[in-house]
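Numbers 49 to 425, taken from the numbering used here, label the letters of the sequence shown in order.
Yeah, the Cβ is synthetic: ideal placement off N, Cα and C, and Gly gets one too.
For reference, the structure discussed in these notes is given below.
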Amino acid sequence: MSHHDKMHWEGDAWIASEIESAGGVVTFARFMELALYAPGHGFYEREKRGPGREGDFYTSVSVGPLFGELLAWRMASWLKPLLQAGQDGRWPVMIVEAGAHDGRLAADILQWFKLNQPAMLGLIRYAIIEPSENRRHWQQKRLQEFEGRVQWIESPAKLPQLRGVIFSNELLDAFPVHRLGWDAGRKEWFEWGVGWNEHAVWRRMEPALDLKSSLAWPRWPAEVLGVLPDGFSLEISPSAADWWAAVAGCLRQGRLMTMDYGFYWEELMRPERAGGTLRAYFHHAISSDILAYPGFQDLTAHVNFSVLQEVGEKAGLKTEGLVSQESFLMGIIAEIEAGCGGGEYWTSERRRQLQTLVHPVHLGRSFRVLIQRRDGG
49 MSHHDKMHWE
59 GDAWIASEIE
69 SAGGVVTFAR
79 FMELALYAPG
89 HGFYEREKRG
99 PGREGDFYTS
109 VSVGPLFGEL
119 LAWRMASWLK
129 PLLQAGQDGR
139 WPVMIVEAGA
149 HDGRLAADIL
159 QWFKLNQPAM
169 LGLIRYAIIE
179 PSENRRHWQQ
189 KRLQEFEGRV
199 QWIESPAKLP
209 QLRGVIFSNE
219 LLDAFPVHRL
229 GWDAGRKEWF
239 EWGVGWNEHA
249 VWRRMEPALD
259 LKSSLAWPRW
269 PAEVLGVLPD
279 GFSLEISPSA
289 ADWWAAVAGC
299 LRQGRLMTMD
309 YGFYWEELMR
319 PERAGGTLRA
329 YFHHAISSDI
339 LAYPGFQDLT
349 AHVNFSVLQE
359 VGEKAGLKTE
369 GLVSQESFLM
379 GIIAEIEAGC
389 GGGEYWTSER
399 RRQLQTLVHP
409 VHLGRSFRVL
419 IQRRDGG
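Here it is, written out as structure tokens:
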């Protein structure tokens, strides 16, 4: 048996044990949690696979530093009035990044502040929400240049009340999701669980009561449910909704922002999405089997922006908008060029990065930016 095959076998054996110890069936959310985050086995717990040309997925960050530079410029414009209003000892001014992966985006943002806004950098704190000990270690290694300026926080529960910016990039699509199916005969949703029969297999199960009471649960009108085809699939993520509520509750003044691919409810209802948005990726290619090779392929589902928007507004935030990454970044560039022209800034390399970031075929339209804010007072 090759080392590669042995790793597959050991990962399968381990997750098989987890499923069997849970009674033979787990929710897909639990399966996804194990496959992505289980210590020693999960996809995101292993450094060798990650974003970039050699990894399993291609991201805005792996395109080059321009993405982080543009984000930093926008954040500086948001932070400036908070700092001008004076320091408030109760609520520090912070940039909080959640899901910093290998720390590359944080490094790009901090480097921009160091070169362009050093005084502002001295007045703010940069924090990373990171539950994984492995990933904290990788991030700390990459961010050695900024030692003392960055702090790590295990969860939103340990985040202080703050003013500033809380943001994530391609985080919420990797939160575990429950996979629902529509039974047209019984006119009700069921849940797809995962069992084991020499390999992971799909099993039907009854959704738990707490799942049905979640804000993430689909509450579609009868006229929509009446025409849903049998087996229509949908993913919901109560954990993403809970996370959004938790960080929103920490923001006393400033912005909460996420960049990801996703839809509103009405977009998820479309016939062409009858199979749901759940995908598995291995080396940039879509894998045909969601349940295969747990820990060795990335699992994602589109973010439900309707749920996040509702959760944030219930927490007292105002929604500034949901726009394409193309629109968001081009808006920043327009402001930069209106202020300073930017002639020397646009090297051929930066132009190449920008084209990838905003091009509709690449990342410009597939990724969206949701921004909510809480005003002071």
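- In the three-state reduction of the DSSP assignment, Glu368 falls in the strand class, which pools E and B.
- Annotation: the region 162-243 contains the following complete segments of the alpha helix (DSSP H) (minimum length 4 residues), in chain order: 166-169 and 181-190.
- In this structure, DSSP gives Thr395 a state outside helix and strand, which the three-state scheme calls coil.
- Around the CB of His331, fewer than 16 other CB atoms lie within 10 Å, so the residue is classed as exposed.
- About 19 angstroms separates the beta carbon of Gly297 from that of Trp126, a gap too long to meet the 8 angstroms contact definition.
- Following the DSSP letters along the chain, one finds Glu283 inside the beta strand (DSSP E) bounded by residues Ser281 to Ile284.
- Between the C-alpha atoms of Asp346 and Asp337 there is a straight-line separation of about 11 angstroms.
- Excluding five sequence positions before and after Leu276, the CB atoms of its chain that fall closer than 6 angstroms to its own CB belong to Trp230, given in chain order.
- By the CB criterion at 8 angstroms, Ala349 and Val242 fall outside the cutoff.
- In this structure, the CA atom of Glu218 is about 21 angstroms from the CA atom of Gln199.
- Judged by beta-carbon spacing, Ala205 lies beyond the 8 angstroms limit of Ala288, meaning their Cβ atoms are not closer than that value.
- Taking 8 angstroms as the upper bound for CB-CB distance, Trp62 and Ile380 are not in contact here, some 45 angstroms apart.
- Comparing C-alpha distances from Leu326 to each of Glu358, Glu283 and Met305 shows the shortest one belongs to Glu283.
- For His89, the number of other beta carbons within 10 angstroms of its own is at least 16, and it is reported as buried.
- Counting only the Cα atoms, Tyr92 lies some 12 angstroms from Trp186.
- Ala77: member of the alpha helix (DSSP H) spanning Phe76 to Tyr85, first to last residue.
- Of the residues Leu370, Leu118, Leu405 and Met168, the one whose Cα lies closest to the Cα of Ala382 is Leu118.
- Here Thr348 is bridged, per DSSP, to Arg327.
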